[in-house]
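**Q** Numbered per the working numbering, the sequence shown spans residues 1340 to 1739. Have a look at this one.
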Amino acid sequence: GQQAGFLVGTGIACATKDYGTGGDGTLSSVELTPDGRITIHCDYVEMGTGIGTAVANRVAGHLGRVADEIAVAQVDTFGPLALVTSGDSYTMKQKTQDAAARNPRWVPAISTASTASIGAHVGTHAAAEAARIVFRFGLWPAALELWGIAPNDPKASEWKTARWKDGQLIMPGLPPLALPAVAAKAHARNGVTGAMAHAFNRWAWSQATFSLNGQAWTADIDALAVRRGAGKYVRVDRSNVKFPPTDFNRIGQSYTSGCGHVMRIEIDRATGALRIAKAYSVLECGQALVPEVVIGQAQGGFAMGVGYTLLETLPLYEDGAGNGKWNLGQYIVARGSDLPLHNLEIEVLPPVDENERPKGMAEVVMVPVVPALLNAIYDAIGHRFQSLPVTQNMIKGALK
């Protein structure tokens, strides 16, 4: 299209991007005090991705409120699990894994890097499983006692239908219970008030069965310790452990998130200057644990993609960044003036159902920006560029 000396183009692109590495471990503990205060310890590192808030929000889904204290980047907190590991989780053979798994303390990897967009999916997983155990074997039996429901009553098995609302436990036909009251009862009856868990992911979660309160509990974890009342953590031996097959790393990634971008650009015929007039981004990431952070990541990814396409360059040899003299004066990144700050719409699709787990999305939001922008340039001037960045001078040259 054309308008008043400008060439107008529209571009669209969609992409999926994997998250996870195929050898990810996660550790967390979740504890509840008699007055309902929640403490979380997590091995994942906070580096601007909001992992502390994400893990707190995921735990809140099981325990009714956001944690009072969150400690991230913890490495020495999980001694009660007494975990050991050996070999390389990426290259080991199935028979090696099967032999090692006979040791109830062995896992393919204990704690791994906070990388590959796995904060939401992997970094919060062990905490969510620990919180589920605290609820099921600590708070739920306490709530039944407060409601006067006997353990053999059919309602006693309906814990999955219970919901938290405004810090109160809700069950149809029963009075709501405030978290502090339930927590106090759980402590008084020496119920489970803390859980510590480890999980491993190789494009699927490890799984094991544990005996809790005389019941078999199967979950997507491979190590567990629980605390009763105000006592110390005690390991719970696992049975029927199932680690993801080692062949899963041979068949490739199986976790992906999707993102699409549409953008409209205007190019000045006389100068080749490009302006992004408006843009729309849509992404899916399962359960968005912190929607504000997801939007922020999407905005940042858009800016990175624009910089990669139009501005950023690293020449080789003595004149390049390797000479140690470069800074942001030489390496030009996208600024606010390069972006449609007030005309960038981001839509985060809702999860397919309430049980869909969170998915990593920090990288995928940048990927389709580049082809969408290149497609818009082609739509405007009818020329395909074969190298990046596509600078103003390159566009001006193509217009001659």
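Each residue gets a CB set at the ideal place from its N, CA and C atoms; glycine is no exception.
1. From what residue to what residue does the beta strand (DSSP E) around A1455 run?
2. Would you please state the rounded distance, in angstroms, between the beta carbons of H1460 and P1689? I believe it to be under 8 Å.
3. Between which two residues does the beta strand (DSSP E) harbouring M1602 extend?
4. Would G1533 pass as a contact of L1371 if the rule is Cβ separation under 9 Å?
5. For W1542, list the residues DSSP reports as bridge partners.
6. What does the Cβ neighbour count give for T1557, buried or exposed, with the cut at 16 atoms within 10 Å?
7. Within 10 angstroms of the Cβ of K1524, are there 16 or more other Cβ atoms? Answer buried if so, exposed if not.
8. Suppose you measure from the CA of D1407 to the CA of L1653; what does that come to, to the nearest Å?
9. Going by DSSP, name the residue or residues bridged to K1617.
10. At what residues does the alpha helix (DSSP H) containing I1390 begin and finish?
11. Could you tell me if E1693 is buried or exposed, where buried requires 16 or more neighbouring beta carbons within 10 angstroms of its beta carbon?
12. Just checking my contact of P1393 with L1628 at CB under 8 Å: how many whole Å lie between their CB atoms?
13. Going by beta carbon distance, what residues of the same chain come within less than 6 Å of G1477, once the five residues before and after it are set aside?
14. Using CA coordinates, which residue listed in T1360, Q1436 and D1505 is at the minimum distance from G1699?
15. Alpha carbon to alpha carbon, what distance is there between A1637 and M1602?
16. Which word fits P1480, buried or exposed, when buried means at least 16 other C-beta atoms lie within 10 angstroms of its C-beta?
17. In three-state DSSP terms, what is I1716?
18. On a CA-only basis, which of G1640, A1501, L1650 and P1707 is nearest S1726? Give me that one, please.
19. Identify, in the order they occur along the chain, each residue of the same chain with its Cβ nearer than 8 Å to the Cβ of P1515, setting aside the five sequence neighbours on each side.
20. Does E1301 come out as helix, strand or coil in the three-state DSSP assignment?
21. With the cut-off set at 9 Å, would you say S1450 and V1423 are in Cβ contact?
22. In angstroms, rounded to a whole number, what distance separates the CA positions of G1389 and N1491?
23. Sorry if obvious, but does the Cβ on V1398 come closer than 8 Å to a heavy atom of the ligand FMN?
24. Should A1719 and E1605 be called a contact, given that it needs their Cβ atoms to be closer than 9 Å?
25. So what's Q1554 in DSSP terms, helix, strand or just coil?
26. Going by beta-carbon coordinates alone, are F1582 and F1549 separated by less than 9 Å?
27. What separation, rounded to the nearest whole angstrom, lies between the Cα atoms of D1586 and G1362?
28. As an exercise, report each continuous beta strand (DSSP E) stretch of at least 3 residues that is fully enclosed by the stretch 1639–1715, in chain order.
29. By the 10 Å Cβ neighbour count, where 16 or more other Cβ atoms means buried, how is N1714 classified, buried or exposed?
30. Is the beta carbon of V1706 less than 9 Å from the beta carbon of A1354?
31. Under the three-state reduction of DSSP, which class applies to K1504: helix, strand or coil?
32. In whole angstroms, what is the alpha-carbon distance linking I1685 and G1640?
33. Please go through the same chain and pick out, in chain order, the residues whose beta-carbon is closer than 7 Å to the beta-carbon of T1435, but skip the five residues on each side of it.
34. Ends of the beta strand (DSSP E) at K1571?
35. Does the distance from the C-beta atom of P1443 to that of R1577 stay below 9 Å?
36. Evaluate G1375 with the Cβ neighbour count: other Cβ atoms within 10 Å of its Cβ, from every protein chain shown; 16 or more gives buried, anything less gives exposed.
**A** Checking against the coordinates, here is how it stands:
1. Where A1455 is concerned, there is no enclosing beta strand (DSSP E), given that its DSSP letter is neither H nor E.
2. Not confirmed; about 17 Å, so no contact.
3. Per DSSP, M1602 belongs to the beta strand (DSSP E) from T1595 to D1607.
4. yes
5. Paired residue(s): none; W1542 is not in a bridge.
6. exposed
7. Counting of Cβ neighbours within 10 angstroms places K1524 among the buried residues, the total reaching 16 or more.
8. 45 Å
9. R1603
10. I1390 to L1402
11. exposed
12. First, the amino acid is wrong: residue 1393 is Ala here, not Pro. Their Cβ separation, rounded to whole angstroms, is 4 Å, which keeps A1393 and L1628 in contact under 8 Å.
13. A1525, G1530, V1531 and T1532
14. Nearest of T1360, Q1436 and D1505 to G1699, Cα basis: T1360.
15. Roughly 15 Å between the two C-alpha positions.
16. buried
17. Three-state result, I1716: helix.
18. L1650
19. K1504, Q1507, L1508 and I1509
20. Residue 1301 cannot be examined here, being either before or after the span of the chain that is shown, 1340 to 1739.
21. No; because the gap between Cβ atoms is not below 9 Å, this pair is not in contact.
22. 43 Å
23. The model depicted lacks the ligand FMN and carries no ligand whatsoever.
24. yes
25. In the three-state reduction of the DSSP assignment, Q1554 falls in the strand class, which pools E and B.
26. no
27. 12 Å
28. 1683–1688
29. Note on N1714: 16 or more other CB atoms within 10 angstroms of its CB, so buried under the neighbour-count rule.
30. Going by C-beta atoms, V1706 is nearer than 9 Å to A1354.
31. It is a strand residue.
32. 11 Å
33. G1426
34. Annotation for K1571: no beta strand (DSSP E) segment contains it, and DSSP assigns it neither H nor E.
35. yes
36. buried
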